[in-house]
Each structure stands twice: as structure tokens, then as C-alpha cells.
Amino acid sequence: MVDYYSALLRAVTAPEAGDAQWRRDLYDRTRRILAQRLRAIRPPPPLTEIAAEQSALEAAIERIEQELGWAEQGSLAADARTHERFGEIAAESWNEAERGPLERPFRAGRLALVAVIAAALGAGGYVYWTQAAHKPASPAIKTETQSSAAPAPNRPPITAKDDTKNGDLAPGIDGGASDPDQPYVFRRQPTFYRTLQPVGTIIVDKLQHFLYLIRPNNVALRYGIGVGSQCKDLAGLRHIASVTDWPQWQPPPDLLKRTPPVMPGGPGNPLGARLLALDDGSSRIHGTNAPKTIGSFVGFGCIRLANDDIADLASRVQVSTPVVVN
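For the sequence shown, the positions run 3 to 328 when the numbering used here is used.
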């Protein structure tokens, strides 16, 4: 049996995965790919094995929806017509005479099926055939930039001289909500994670540059982070004390000669789209105007995430959420 759960779990790592219609399109396309590949296998598989593969795929979809907390948005399980159409596609062009003497378990065919599904739903393959069909506007960031943040003034183009020695961008320069060239490992994604910490806890791994939000059933949402000098020695248990949308930024003393005393929230602000202040009074988890610094140690700030990621994280936590820093 193909491991549909693992393949789909890799596929639902895109920022758009929070949109139910985007996932519905993903699941429907997966069903069609599976049915078409089953039809192409020779000798044709028995009807019982077609049904078993379909059931395994639907079970994987239901498991992912439950584990990642999307089930409350409404069921995305296949309806009766979808099941019927799956069978029609898989059995199309087969007749009983062709099926009769050839009907046997399709162990060799499974190998090809695994390769095709994995390629279609892998880290890069799924992008082409899902985003081309349904690509909603980026949630949270662009909408709130227009409504709740200060209007973005005209920015000069980003050039090499805008970069500091730490890879940060100068205040007022907007490197974008996320970096399209960011390594896959630092992109937001669900992952297996076993811990004794309760569901909802944030765990920060400074050395590996990951932040984990613990979900049920040994799953965590993993975010790439950058670690600033302000939090290089941070360790232990903290709690979120407040959540701020598009916070204003007060530069450290060594930058005061080159920047305004206070910079209002908005694109280009070094604290990014959200700020989660911790209860020690000095530490914080925040966004950044320089997403290319994710995955590195930097000179300024504390625990930083790309703006897409900090907005997603802030939507999933609340005041008093525990934060364990390693």
C-alpha cells in the first residue's frame, strides 16, 4: 500500500494550505492521478485492490485534516459521486475478457505508483499542478498591510549596499513576506515531533534554527527562525505576554545615528508583521523585513520568523502560551 499520508503531509506545507478550497483541489487532483495510474497498470489490478488503494488515500486525507486541526473547517472527504467517478476512471477501457486471466495482485505496479505519487506530491512537484489551478491571494500579510498597517511609502530598490554585515536589510527596505529562494528545510511544514510538552506549546531550538508548535499525535508545525544577539543566551520556560500586529520598532543605540528614534509598523519595519512578547520583559518572537536571514545568527533582534510565518504562528497561539527555549 502506498504511504499516501507521508506524501500528502509533504504537500500541505505551502502557505496556501490553510485555505480549505486549496486543499480540496489538492486532494481531488491526487485522486485523479491515482485513478489514472491505476488504469495504466498492466496487468490491471483487481477491483478489490483498487478499492483498497482508494480507501487508504481517503484515510490519509482524513488523518491529515484531523491532526493539523483543519477538520473543524468542514469535511473534505470524498462524496459518493467522487467515489463513483474514481472507479469509472480506474476501470475505464478494461473489459471482463481482458481482466479475467490477468487479475492478480499488482505488486510491480505499486512500485511505479509510489514513484508517480511521490513525484507529484513532493516538495517541488506538487506546486505546478496545484497552484496553476487554484492560487488564492496570500492571506494575512497583504490584506492587513493595506488595512491595519501604515501605508507603505515608495521604497528604493534593494541593492547590495542596503545589506548589513549580518544580512539584515536597512530599516525601511522591505525584503518581502518570505524569500522564494529560502531552503525547503526552513519553510513552514508539519513534521513528526515527539515530546512530553502539551499540545499548543512552542519549542524554540536555537542551534538548529527551528521553532516548533506542538500539535496532536506527535506532529508539530515547524518554522525556520533566525536568532538575534538579544536572545543568544535565552533558555528555559517563558510564556507569551502579548501579541502585537505590525509593531513599531525602536532601534538599538548603535543605530540611532542612522535611523529615526521610532519607526512605525508596516512593510520595511525590522520587527515585521507580528510581535509575540515573552513574560521576561525583554525577549520576543517577531517577524523581519529580511527573510533571507532565516536559518542564521544575526546581530539584531531576538527570535525572528519570515512575515508569512509569524502571522501564521500568531493566529494559532494566545497570551499565556508556554514557550520552551533550548
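For glycine and all other residues, C-beta sits at the position ideal for the given N, C-alpha and C.
Q: Just confirm the distance between the C-beta atoms of Ser180 and Asn309, as a whole number of angstroms; I'd bet it's less than 8 Å.
A: 7 Å
Q) If you draw a straight line from the C-alpha of Pro158 to the C-alpha of Ser231, how long is it? A) The predicted model places Pro158 with a pLDDT of 41, which falls under 50 and marks its position as unreliable, so this point remains unresolved.
Q: Examine the Cβ distances between the region 297-317 and the region 271-288 and report whether three or more of them are shorter than 8 Å.
A: yes
**Q.** Candidates Lys208, Arg34 and Tyr6, of which the one nearest Asn328 by Cα
**A.** Lys208
**Q.** Pair within 8 Å by beta-carbon distance, Val326 and Thr203
**A.** yes
Q.
I'd like to confirm the pairing. Which residues does DSSP put opposite Leu239 in its beta bridges?
A. Val326
Q: Say whether the region 178-198 touches the region 236-251, bearing in mind that this needs 3 or more beta-carbon pairs closer than 8 Å, one atom from each stretch.
A: no
Q.
For Gln191, list the residues DSSP reports as bridge partners.
A. Arg224
Q.
Judging by CA-CA distance, which residue of Leu315, Ile296, Pro218 and Ser77 is the nearest neighbour of Asp170?
A. Ile296
Q. From which residue to which residue does the beta strand (DSSP E) around Arg196 run?
A. First-last for Arg196: undefined, no H or E at that position.
Q: Taking only the alpha-carbon atoms, compute the straight-line gap between Ile312 and Arg44 and give it to the nearest angstrom.
A: 49 Å
Q: Grab me the residues of Glu1's own chain with a C-beta within less than 7 Å of its C-beta, minus the 5 sequence neighbours each way, in chain order.
A: The structure shown does not extend to residue 1, since the chain is modelled only from 3 to 328, so the question has no answer here.
Q: Would you list the residues sitting across from Asn288 in a DSSP beta bridge?
A: First, the residue type needs correcting, since residue 288 is His and not Asn in the sequence shown. Its beta-bridge partners are Leu277 and Arg306.
**Q.** Of the residues Pro192, Gly226 and Glu69, the one placed nearest Gln184, counting alpha carbons only
**A.** Gly226
Q: Could you check which residue in Ser284, Arg224 and Asp282 has the C-alpha nearest to that of Val187?
A: Arg224
Q.
Can you find the residues in the same chain that come closer than 6 Å, C-beta to C-beta, to Val264, ignoring five residues on each side of it along the sequence?
A. Gln250 and Gln252
Q) Pick from Leu28, Asp21, Gln23 and Gly20: whose alpha carbon is nearest that of Ala9? A) Leu28
Q) What three-state label does DSSP hand Leu215 in the structure shown? A) strand
Q) When the distance is taken between beta carbons, is Glu55 closer than 8 Å to Leu36? A) yes
Q) By DSSP, does Thr246 sit in helix, in strand, or in coil? A) strand
Q. For the candidate residues Gly177, Asn219, Ala13 and Arg31, whose alpha-carbon lies nearest to that of Gly71?
A. Asn219
Q) According to DSSP, what are the bridge partners of Trp24? A) The partner list for Trp24 (beta bridge, DSSP) is empty, contrary to what the question assumes.
**Q.** C-alpha distance - Phe299 paired with Leu213, whole-angstrom precision
**A.** 14 Å
Q) How would you label Ala135, buried or exposed, when you count the other beta carbons within 10 angstroms and need 16 or more for buried? A) For Ala135, the predicted structure reports a pLDDT of 32, less than 50, and the residue's modelled location is therefore unreliable. The matter cannot be settled from this model.
Q: For Ile175, name the three-state secondary structure that DSSP assigns.
A: coil
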